[in-house]
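Engineer: Take a look at the following structure, please.
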Amino acid sequence: MAPSSGRHHGRALARLTTAAIAAVLVGTTTGTAVADDKPTPLPAPVKRAQAQSAELNAARRAEAPTSVGAGGYAPILPLAGATATGDLYYYMPNGRGGLLPRQLVVRGDWRYVSAATHVDRDGDGVFDGMYARGTDGTLAFTDDTSDKEIGPGWNRYDVLLSPGDLGGAREPDLLARDGSGTLWLCLARPDATLTARKKVGTGWGRYTQIAGRHDLTGDGRADLVARDKAGVLWLYKGTGDYTRPFATRTRIGSGWNTYNRLVASGDVDLDADGRADLLARDTTGALWLYKGTGRASAPFAARVRIGNSGWNQYTQLFS
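Quick note, the working numbering runs 167 ahead of the 1-based positions in the sequence shown.
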């Protein structure tokens, strides 16, 4: 895929991310994930991915409790890693608190994508779409049946993520931080287009990492965590009100500067609790899992290493 501009670039970006979604397969391998596992070949087309998604849904419904808070289960998401050469790999949860060996889903062309975030739009607990920003600033949405260009100008933002529903509807919404440190909310419509941005607040430039995916506190509302420059991690509880989506921050703990990437990963451990977990990559390239507890006072359990080495090869790491 060659660099392009305007509507053509948006369509190309959407096709690229559609290919990534279509490439997701579910394996049965267990054990600790190693970042440089030999990749599997580029997987089969959309029909095979849809069949695998159906199996995931059935397994999820069979193993999960009837409810976890008001918002149901945290979604099952791949951990995606992109290399400097433009290769994109997916790691799926293995159901035992770790990750399956990586799968190569895009070869080379991910160098034209600067940010992406998966979403679960139908609320069944399994991801089914992706917002992705091209290097020219164009934002696109894609799922396994359609794709569309959202619009240009998204390079003004240095953080782009979808913590889930912040506006009271089913659709997962989008947060973006601009260069001045202002955080903005774009509500998602049923067709995956976005409303005009709404200002969440200023002062978010104090944070070196911002992450969020679904509920961390047991109330069913989507929350955020943010790490400041001193290494302190803070919790922003979701309110369920898009005009004031987050409550005043509360301190989780210090020492988080040992990590150079935090990824809110949905439910990694698949242990039937349905709670959102957090992944953290340290400066040596190891990957750690912080299981969600569902308690605002201590939202994460003690860390467990699930990746021994090599994770610093990824210039992008997202779910």
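Note that beta-carbon positions come from the ideal geometry of N, C-alpha and C, so glycine has one too. These figures come from a predicted structure and were not determined experimentally.
1) Mind checking whether PRO260 and PHE294 have CB atoms under 7 angstroms apart?
2) Can you look up ARG300 in the DSSP assignment and give me helix, strand or coil?
3) Whose C-beta lies closer than 6 angstroms to the C-beta of THR302 among residues of the same chain, with five residues either side of it excluded?
4) By the 10 Å Cβ neighbour count, where 16 or more other Cβ atoms means buried, how is SER329 classified, buried or exposed?
5) CB ASP432 to CB LEU244, shorter than 7 angstroms?
6) Buried or exposed: VAL286, going by 16 or more other Cβ atoms within 10 Å of its Cβ?
7) Please list, in chain order, all residues of the same chain as ALA249 whose beta carbon is under 7 angstroms from its beta carbon, the five residues on each side excluded.
8) Using the DSSP secondary-structure output, state which residues sit across from TYR426 in a beta bridge.
9) Three or more C-beta pairs closer than 8 angstroms, one from the region 376–386 and one from the region 457–474: is that the case here?
10) Could you tell me which of THR406, THR375, LEU352 sits nearest to TRP423, measuring between CA atoms?
11) Do you know whose CA, among TRP455, ARG364, GLY296, ARG470, lies nearest ARG344's CA?
12) Measure the beta-carbon distance from ASP434 to ALA447 and round it to whole angstroms, keeping in mind my assumption that it falls under 8 angstroms.
13) Go through the region 356–414 residue by residue and report every complete run of the alpha helix (DSSP H) that reaches 4 residues or more, in order.
14) To the nearest angstrom, how far is the alpha carbon of GLU338 from that of ARG418?
15) Tell me the DSSP secondary structure of ASP276 in three-state form.
16) Do you know offhand how far GLY290's Cα is from GLY296's?
17) What separation, rounded to the nearest whole angstrom, lies between the Cα atoms of THR252 and ALA307?
18) Of all Cβ atoms in chain B, is any one closer than 7 angstroms to the Cβ of GLN376?
19) Roughly how far, in whole angstroms, is the beta-carbon of ASN475 from the beta-carbon of THR450, given that I think they are within contact range, below 8 angstroms?
20) Between THR312 and ARG472, what straight-line distance do the alpha-carbon atoms span, to the nearest angstrom?
21) Which same chain residues end up closer than 6 angstroms to ASP395 when comparing Cβ atoms and leaving out the 5 residues on each side of it in sequence?
22) Evaluate THR410 with the Cβ neighbour count: other Cβ atoms within 10 Å of its Cβ, from every protein chain shown; 16 or more gives buried, anything less gives exposed.
23) Going by C-alpha distance, which of LEU429, GLY262, ALA336, ALA393 is nearest PHE485?
24) How long is the line joining the alpha carbons of GLY265 and GLY477, rounded to whole angstroms?
25) Go to SER313, then tell me how far its beta strand (DSSP E) extends in each direction, as first and last residue.
26) Report, in whole angstroms, the separation of the C-beta atoms of ALA388 and GLY407, which I expect to be a contact under 8 angstroms.
Structural biologist: To lay it out plainly:
1) no
2) The answer is strand: DSSP assigns ARG300 an E or B state.
3) TYR279, SER281
4) buried
5) Inspection of the sequence shows that residue 432 is occupied by Ser rather than by Asp. Taking 7 angstroms as the Cβ cut-off, SER432 and LEU244 qualify as a contacting pair.
6) buried
7) LEU255, TRP277, TYR481, THR482, GLN483
8) ASP449
9) yes
10) THR375
11) Ranking TRP455, ARG364, GLY296, ARG470 by Cα distance to ARG344 puts ARG364 first.
12) Not confirmed; about 16 angstroms, so no contact.
13) none
14) 29 angstroms
15) helix
16) 11 angstroms
17) Their Cα atoms are separated by approximately 22 angstroms.
18) The displayed structure is made up of one protein chain only, and chain B is not part of it.
19) Contact flag wrong, Cβ pair sits at about 14 angstroms.
20) 36 angstroms
21) ARG373, TYR374
22) exposed
23) Nearest C-alpha to PHE485 among LEU429, GLY262, ALA336, ALA393: LEU429.
24) 16 angstroms
25) First-last for SER313: undefined, no H or E at that position.
26) Reading the sequence as shown, one finds Arg at residue 388 and not Ala. Rounded, the Cβ-Cβ distance is 5 angstroms, consistent with contact.
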